[in-house]
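Chemist: Just add 1010 to wherever you are in the sequence shown, counting from 1, and you've got the numbering used here.
Glycine included, each C-beta is placed from N, C-alpha and C at the ideal position.
The structure presented is a predicted model; accordingly, all values stated were derived computationally and were not measured.
Quick one: the structure is below, questions incoming.
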Amino acid sequence: MQDDKKKTFFLKNSLDLQNYLKKIYDCLKIFLDSSQNICIFSEKKEIYFLNNGLSFLKNLDFFSKEVNLITKLIEQACLKTFSLTGNGTTLTSLFSTKLMLDSLKFLLLGYDSIFLSNGFSKIAYFSAERINHYSIEVTNLSQLASLLKTIFNRKEYKQIKKLLLTLALNFKKDGVILVEDNVADKNEIEIYQGIEIEKGYISSYFINDFKSFEVSYKNPYILISKHSIASIEQLEEVIKFCKKKNRALIIVTENIEKSVLSELILKNIKKHLKIAVIKYNSIKFLNTEILNDLSILTHSNYLNTDPKKFTVNDLGNAEKVILKKTKSFFIVSKFSKLISMRKIKELTKKSLLAETEHEKETLKMRIARLSGNIAKLKINKFLTNNSEFEFLKIKINQSIDGLKSAIEEGILPGGDSIYFLYSKELVYWSTINLVGDEIISSKLILSLLKDLFNEFLPFTKLKSSRKSKKKNFSYNFTKKRIVNCFKDGFIKPSKVIRGVFWSSLTLVSSILKAV
1011 MQDDKKKTFF
1021 LKNSLDLQNY
1031 LKKIYDCLKI
1041 FLDSSQNICI
1051 FSEKKEIYFL
1061 NNGLSFLKNL
1071 DFFSKEVNLI
1081 TKLIEQACLK
1091 TFSLTGNGTT
1101 LTSLFSTKLM
1111 LDSLKFLLLG
1121 YDSIFLSNGF
1131 SKIAYFSAER
1141 INHYSIEVTN
1151 LSQLASLLKT
1161 IFNRKEYKQI
1171 KKLLLTLALN
1181 FKKDGVILVE
1191 DNVADKNEIE
1201 IYQGIEIEKG
1211 YISSYFINDF
1221 KSFEVSYKNP
1231 YILISKHSIA
1241 SIEQLEEVIK
1251 FCKKKNRALI
1261 IVTENIEKSV
1271 LSELILKNIK
1281 KHLKIAVIKY
1291 NSIKFLNTEI
1301 LNDLSILTHS
1311 NYLNTDPKKF
1321 TVNDLGNAEK
1331 VILKKTKSFF
1341 IVSKFSKLIS
1351 MRKIKELTKK
1361 SLLAETEHEK
1371 ETLKMRIARL
1381 SGNIAKLKIN
1391 KFLTNNSEFE
1401 FLKIKINQSI
1411 DGLKSAIEEG
1421 ILPGGDSIYF
1431 LYSKELVYWS
1441 TINLVGDEII
1451 SSKLILSLLK
1461 DLFNEFLPFT
1471 KLKSSRKSKK
1481 KNFSYNFTKK
1491 RIVNCFKDGF
1501 IKPSKVIRGV
1511 FWSSLTLVSS
1521 ILKAV
């Protein structure tokens, strides 16, 4: 009975929801043309230029709770795509909004939301498999150069592109690349010994670089603890020592009491102590032994720390530490490389004697981690104005994610050609695999693809280009003509397209299941 009331309430408000979603969808379509942006005015009378779907959704706020809830969920789907691929937020927001909008229309007509939900869920798995099938493996530099053309929207920056290609070749998919300002009057690459862990700062109150929204310290002390930090007295000696030396303290711990964390935040805000805390997941981090590797590279006393009181002898150090929301980078001294080389030899011997596949994989991962380098791409900000420099940093970070995704899973032509092939296969697959009203979900996806990718396409050109059966030709919306995607720089990493389909379809499926 309660479910019926919830559904009735949802459907009563769905007309308003449809109107809002239609307006959001029309605005999001502007971002399909990479040469156009949306300008908004904040309550403080500040102007913001938005250039993708995620930045647009983040700035939306409605009186309707239902609309705010849906937009926040779509925003989460965009973040999911972004965390997987580093791109694809505009397409994810477009796909999710349009599918939700059209699904509401069918719910009002009396169709069962469970059938629609099941249909989208099945198609999500089908889409992931087919997009991997279409993917073209990266075999030469010209393909990566074409991808950079797409990301930079055909703007020059020849030297930057050359440096990015060099990094892509040397670092492959597992390398860590950071972007920094350069004091020197040139753009250059510097290679460091370092390690990356998939955990960021525990609280945004530790942030000291508000431009990049990250924690960044040079020559900090490192405390790695496998014990819970229950009181500030445990850290008393360490804190006094760091204050005396006027150096930052980075704490990596499994657990820290709220009262201790609050006190450390207060010390940081009042500038009594430069500090940041990373809280890690015990099982994941202990299984991969990443903290053991971090302690080797930073010379920290990780395994033998006293749970009652930490001492100066427990501290390690790093040349630089950068903590982001979900990742942390530890750049260590050249001397650490000598220590890591000894450990690598020891682990290599162990891997030869390992009996299980799991043990072999763990040891391989540790060897790669200890031998890994961190590259810094240093950009001279004085060669450009401030706004162009910020644009350049965004594009470089997008390029790094895009190049890694392309090397990892391959590339696809941009525009509509892949969606055309996918549509044909979806029609055939749906008739065999979808039952009853589930078929509606495939019709909604086909309608979406037609609306997004074929509405401006002249029929004669479309027909002639498809007869050639060449996947590398597609329609460029900016140039309003059919182009060779690889020559014209009009391609996307297949991981991005797969991420878009997966995030959008699973989100809409989950929402419909909850209705």
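Considering Cα atoms alone, identify which of Q1408, N1323, K1250, H1237 is closest to N1097.
Modeler: Walking along the sequence shown from the start, residue 1097 turns up at place 87. Closest option to N1097, Cα to Cα, is Q1408.
Chemist: Which residues in the same chain have their Cβ closer than 7 Å to the Cβ of W1439, if we skip the five residues on either side of it in sequence?
Modeler: Stepping through the sequence shown from its first residue, residue 1439 is reached at position 429. Excluding residues within five positions, the ones whose Cβ falls inside 7 Å are F1136.
Chemist: Kindly provide the ranges of any alpha helix (DSSP H) runs that are 4 or more residues long and lie completely inside the region 1117-1180, ordered along the chain.
Modeler: 1123-1144, 1151-1161
Chemist: What separation, rounded to the nearest whole angstrom, lies between the Cα atoms of V1331 and I1377?
Modeler: By one-based count along the sequence shown, residue 1331 stands at place 321. By one-based count along the sequence shown, residue 1377 stands at place 367. In this structure, the alpha-carbon of V1331 lies about 21 Å from that of I1377.
Chemist: Taking the straight line between their C-alpha atoms, what separation do you get for S1381 and E1400?
Modeler: Your numbering for residue 1381 matches position 371 in the sequence shown. Your numbering for residue 1400 matches position 390 in the sequence shown. So the two alpha carbons sit approximately 32 Å from each other.
Chemist: Could you tell me the distance, in whole angstroms, from the CA atom of H1309 to the CA atom of K1236?
Modeler: For the purposes of this step, residue 1309 is taken as residue 299 along the sequence shown, with counting starting at 1. For the purposes of this step, residue 1236 is taken as residue 226 along the sequence shown, with counting starting at 1. Straight-line Cα distance between these residues: approximately 15 Å.
Chemist: Please tell me whether S1415 and N1142 are closer than 8 Å, where the distance is taken between their beta carbons.
Modeler: As a working note, residue 1415 is residue 405 in the sequence shown. As a working note, residue 1142 is residue 132 in the sequence shown. Taking 8 Å as the Cβ cut-off, S1415 and N1142 do not qualify as a contacting pair.
Chemist: If you follow the beta strand (DSSP E) that T1366 is in, where does it begin and where does it stop?
Modeler: In the sequence shown, the residue the question calls residue 1366 occupies position 356. No beta strand (DSSP E) contains T1366, which DSSP labels as neither H nor E.
Chemist: DSSP on L1094, reduced to helix/strand/coil?
Modeler: Numbered from 1 along the sequence shown, position 84 holds the residue referred to as residue 1094. The answer is helix: DSSP assigns L1094 an H, G or I state.
Chemist: Helix, strand or coil for N1256 per DSSP?
Modeler: Here the question's residue 1256 lines up with position 246 in the sequence shown. If DSSP states are grouped into helix, strand and coil, N1256 belongs with coil.
Chemist: Would you tell me roughly how many angstroms separate the C-alpha atoms of A1138 and I1300, rounded to the nearest one?
Modeler: Translated into the one-based positions of the sequence shown, residue 1138 becomes position 128. Translated into the one-based positions of the sequence shown, residue 1300 becomes position 290. If you take the alpha carbons of A1138 and I1300, they lie about 31 Å apart.
Chemist: So the candidates are S1452, D1447, P1423; which of them puts its Cα closest to the Cα of E1435?
Modeler: One-based indexing of the sequence shown puts residue 1435 at position 425. That would be S1452, whose Cα lies nearest to the Cα of E1435.
Chemist: Just grab the DSSP bridge partners of Q1244 for me.
Modeler: One-based indexing of the sequence shown puts residue 1244 at position 234. DSSP, once it has assigned bridges, lists no residue as partnering Q1244.
Chemist: Rounded to whole angstroms, how far is the Cβ of L1458 from the Cβ of L1109, which I believe are closer than 8 Å?
Modeler: Mapped onto the sequence shown, residue 1458 falls at position 448. Mapped onto the sequence shown, residue 1109 falls at position 99. 6 Å between Cβ atoms; contact.
Chemist: According to DSSP, simplified to helix, strand and coil, what is E1371?
Modeler: Residue numbering aside, residue 1371 sits at position 361 when the sequence shown is read from its first letter. Note: E1371 maps to helix in three-state DSSP.
Chemist: Roughly how many whole angstroms lie between the Cα atoms of L1157 and K1254?
Modeler: Here residue 1157 refers to the residue found at position 147 of the sequence shown. Here residue 1254 refers to the residue found at position 244 of the sequence shown. If you take the alpha carbons of L1157 and K1254, they lie about 50 Å apart.
Chemist: To the nearest angstrom, how far is it from the Cα of I1261 to the Cα of V1287?
Modeler: Your numbering for residue 1261 matches position 251 in the sequence shown. Your numbering for residue 1287 matches position 277 in the sequence shown. Near 5 Å, if we compare the C-alpha coordinates of V1287 and I1261.
Chemist: The alpha helix (DSSP H) with L1031 in it runs from where to where?
Modeler: On the sequence shown, position 21 is the one that residue 1031 refers to. Counting along the chain, the alpha helix (DSSP H) containing L1031 begins and ends at 1024-1038.
Chemist: May I ask you to report which of helix, strand or coil DSSP gives V1331?
Modeler: Position 321 of the sequence shown, counted from the start, is the residue given in the question as residue 1331. In this structure, V1331 counts as strand in the three-state DSSP scheme.
Chemist: With a cut-off of 8 Å, do at least 3 Cβ pairs link the region 1212-1232 to the region 1354-1363?
Modeler: Output reads no: the region 1354-1363 does not touch the region 1212-1232.
Chemist: Between L1422 and the ligand GDP, is the CB less than 7 Å from at least one heavy atom?
Modeler: You won't find the ligand GDP in this model; it holds no ligand whatsoever.
Chemist: Quick check on V1510: buried or exposed, where buried means 16 or more other Cβ atoms within 10 Å of its Cβ?
Modeler: Mapped onto the sequence shown, residue 1510 falls at position 500. Buried is the call here.
Chemist: Might you give, ordered along the chain, the residues of its own chain that have their beta carbon closer than 8 Å to the beta carbon of A1364, omitting 5 neighbours on each side?
Modeler: What you label residue 1364 is simply residue 354 of the sequence shown in a count that begins at 1. Hits under 8 Å: K1370, L1373.
Chemist: Among R1352, L1233, E1243, whose alpha-carbon lies nearest the alpha-carbon of V1322?
Modeler: Locating residue 1322 in the sequence shown gives position 312, where the first residue counts as 1. Per the Cα distances, L1233.
Chemist: Taking Cβ positions only, does K1172 come closer than 8 Å to chain E?
Modeler: In the structure shown, chain E does not exist; there is a single protein chain.
Chemist: Can you tell me the Cα-Cα spacing of D1112 and Q1244, whole angstroms?
Modeler: Locating residue 1112 in the sequence shown gives position 102, counting from the first residue. Locating residue 1244 in the sequence shown gives position 234, counting from the first residue. Whole-angstrom Cα-Cα distance: 58 Å.
Chemist: Only counting runs of 4 or more residues, tell me where the alpha helix (DSSP H) segments fall wholly within the region 1425-1451, in order along the chain.
Modeler: Restricted to the region 1425-1451, the alpha helix (DSSP H) segments that are unbroken, complete and at least 4 residues in length are 1427-1443, listed in chain order.
Chemist: Which term fits F1116, buried or exposed, when burial requires 16 or more other beta carbons within 10 angstroms of its beta carbon?
Modeler: Taking the first residue of the sequence shown as 1, we reach residue 1116 at position 106. Per the 10 Å Cβ criterion, buried.
Chemist: Looking at the strands, I want to know which residues DSSP matches up with K1228.
Modeler: Taking the sequence shown and counting its residues from 1, the one referred to as residue 1228 is at position 218. DSSP output for K1228 lists K1330 as bridge partner(s).
Chemist: Let me confirm a value: I1285 is counted as buried when at least 16 other C-beta atoms fall within 10 Å, else exposed. Which label applies?
Modeler: Against the sequence shown, residue 1285 aligns to sequence position 275. Its Cβ being crowded by 16 or more others within 10 Å, I1285 is buried.
Chemist: Determine the direct distance from the alpha carbon of F1430 to that of L1472, and round the result to whole angstroms.
Modeler: Here residue 1472 refers to the residue found at position 462 when the sequence shown is read from its first residue. Here residue 1430 refers to the residue found at position 420 when the sequence shown is read from its first residue. With a pLDDT of 46 at L1472, under the threshold of 50, the modelled position of that residue is not reliable, and the figure given next carries that caveat. Whole-angstrom Cα-Cα distance: 10 Å.
Chemist: Given a threshold of 16 other Cβ atoms within 10 Å of its Cβ, counted over all protein chains shown, does E1147 qualify as buried or as exposed?
Modeler: By 1-based counting over the sequence shown, the position of residue 1147 is 137. That one is exposed.
Chemist: Between R1379 and I1205, is the Cβ-Cβ spacing less than 8 Å?
Modeler: Here residue 1379 refers to the residue found at position 369 when the sequence shown is read from its first residue. Here residue 1205 refers to the residue found at position 195 when the sequence shown is read from its first residue. Closer than 8 Å, so yes.
Chemist: Which residue comes first and which comes last in the alpha helix (DSSP H) that contains K1505?
Modeler: Looking up residue 1505 in the sequence shown gives position 495. That run of the alpha helix (DSSP H) goes 1504-1524.
Chemist: L1038 and L1083 look like a contact to me (Cβ under 8 Å); what is the Cβ gap, rounded to whole Å?
Modeler: Residue mapping note: residue 1038 aligns to position 28 of the sequence shown, counting from 1. Residue mapping note: residue 1083 aligns to position 73 of the sequence shown, counting from 1. The Cβ separation is near 15 Å, so there is no contact.
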